[in-house]
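Below you'll find the structure, written out as structure tokens, and then a few comments.
Numbering (this note's numbering), first residue to last: 10 to 609.
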């Protein structure tokens, strides 16, 4: 395929603005799939994506389109829209020369529209604005185009107006891709060099490596090298996504496809690595990707202790398919052996957990999530803390730092005051307000990440009746008055229930947590004290009363000493049970930390 006939592009947009629907229409109108094969969200092949109606993984597909008598090869990479999967978007953009920026004809420019547009501009991509859903009963097309120019600084004079759902003006999208997006640069005569932009594990064929060829050509039977890992392999199959895996003879400059080498070891293939030929290697690797920074961590433990190795294998396969997810072994006195897992956000965590439970049929116990902190100890060393159990004694802490995020809210003008109050209550620092028109405003705050990840998105949707959107980026760590709050059940610390809180809210959160735990832990034959503590100081307590059996029921009249003897015997038994009895803590109790934060 000649380089001048290739176009590599992404579709980027805010969540629910129609990316997957437009991708479906491009496949249908080009004849890549037939009417019989067509179904909505055809590129969303994960069950969880189809159930939730959102894109989680970036997907690639090659489309052949005839334009002015020539057949063009259009490589589309569909991307997620939610803030937690912004890393997937950045990886996709690195494999493209252009992007379609999709904007809802009624909702207009939203928080993720801004974030993804800036990401495309930073990647030096050509951007084509596309206003979608023009078939809606109520639209604001002219106002939306004004927002594109004022908020994003893009020229909207030649923006496309389409309806992906109704199939209106889809041909104009093909024309814009061919006429307005640049062709890839690359030289077939140079040594082979390709970027690994994704990968997945196939239990029959091993690791499937997704590549974007930059220079040179690759054929079946060639010996290749993964430059970062220094691993040599033979290409046993290569091909393109149409939309399934279709083998081909050769991949040249600018083309997107997959390589099968039969490699079974998951650690040998790294997203962002450079593939070259073993005999004629490239001089230097491609830049690759910046390593994603996980900011939300939780513990995942098998329900059955014998499931530890199975859980490790499944997490390893999942991390190959999702490089923004990390895990490492840990132990807990309460839960045994498990893994500390890192995620980009709460939705990311929820998706990974559900994929493990539904796709791999794993039974898991998940602890309450927490964000990453930094601690400067008395010796001046900086410690990165992603587990409350690792927090040192208060006397050894010189400074406790928490992650701060710059949050951009786009809300109806009537809700600006509500959002400002919501942010102030969560220790936010006001930065800026800008009105995008008579009815919408952009409000910027700096907020602690711990105050955002739990339920900020839900609260925002609630107070704006669904019209508010938000996007955030981590800007650094700031010193704060933070403390580790422990939970004691029957006088014993339960490490999996420990959490890090701000001192000013610790009393309130401690009371909310022990109240929630009281409802989750079942009654036992003995009294159970549940306490929240900071160091040696108890800040909250609830007591679960014991089951009480009427041991005197069989005594009818007679000497009172008989009843006293039975009651005394029961009292001694309960005392012994209280001393030696074990409290069974149900799985749901380990998420009480999260629920208590929401209740509070």
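Don't be surprised by glycine CBs; every beta carbon is placed ideally from N, CA and C.
Per DSSP, the continuous beta strand (DSSP E) segment holding residue 456 begins and ends at 449–457. Residue 182 has no beta-bridge partner at all, per DSSP. In the DSSP assignment, residue 410 falls within the unbroken beta strand (DSSP E) covering 406–421. Between residue 171 and residue 125, the gap from beta carbon to beta carbon reaches 8 Å or more. Taking the Cβ atoms as the reference, residue 421 lies roughly 44 Å from residue 372, outside the contact range of under 8 Å.
DSSP places residue 104 in the coil class of the three-state scheme, outside both helix and strand.
The beta carbon of residue 462 is closer than 8 Å to those of 304, 305, 354, 355, 378 and 380 in its chain, skipping five residues each way along the sequence. Look at the beta carbons and you see the region 168–183 touching the region 138–156: at least three pairs across the two are nearer than 8 Å. In the three-state DSSP reduction, residue 511 falls in the strand class (E or B). Between residue 221 and residue 161, the alpha-carbon positions lie close to 29 Å from each other. Non-local beta-carbon contacts of residue 255 in its own chain, meaning distances under 8 Å to residues more than five positions away in sequence, involve 248 and 249 in chain order.
Beta-carbon to beta-carbon, residue 344 and residue 505 are separated by about 6 Å, close enough to satisfy the 8 Å threshold. For residue 86, the secondary structure class from DSSP, reduced to helix, strand or coil, is strand. In the three-state reduction of the DSSP assignment, residue 236 falls in the coil class, being assigned neither a helical nor a strand state. Judged by DSSP secondary structure, residue 152 falls within the alpha helix (DSSP H) whose first and last residues are 150–161. In the displayed model, residue 260 falls within a strand according to three-state DSSP. By the neighbour-count criterion, in which 16 or more other beta carbons inside 10 Å mark a residue as buried, residue 484 falls on the exposed side. At the C-beta level, residue 337 and residue 321 stay beyond 8 Å of one another. Where residue 396 is concerned, there is no enclosing alpha helix (DSSP H), because DSSP gives it neither an H nor an E. By the neighbour-count definition (other C-beta atoms within 10 Å, threshold 16), residue 70 is a buried residue. Counting only residues of its own chain and dropping the five nearest sequence neighbours on each side, residue 523 has a CB closer than 8 Å to the CB of 496, 539, 540, 541, 549, 550 and 551. Just so you know, the alpha carbons of residue 547 and residue 473 end up roughly 39 Å apart. Contact check for residue 202 against residue 224 passes: the beta carbons are separated by less than 8 Å. Taking C-beta separations shorter than 7 Å and ignoring five residues to either side along the sequence, the partners of residue 287 in its chain run 232, 233, 234 and 241, following chain order. The residue from 328, 451, 193 and 284 with its alpha-carbon nearest to that of residue 358 is 328.
Scanning its chain for C-beta atoms nearer than 6 Å, with the 5 sequence neighbours on each side dropped, one finds around residue 23 the residues 90, 119, 121 and 122, in chain order. Taking the C-beta atoms as reference points, residue 494 is found nearer than 8 Å to residue 519. One alpha carbon belongs to residue 12, the other to residue 188, and they sit about 14 Å apart. Ranking 14, 314, 28 and 115 by CA distance to the CA of residue 78 puts 14 first. Taking the CA atoms as reference points, residue 164 sits about 12 Å from residue 110.
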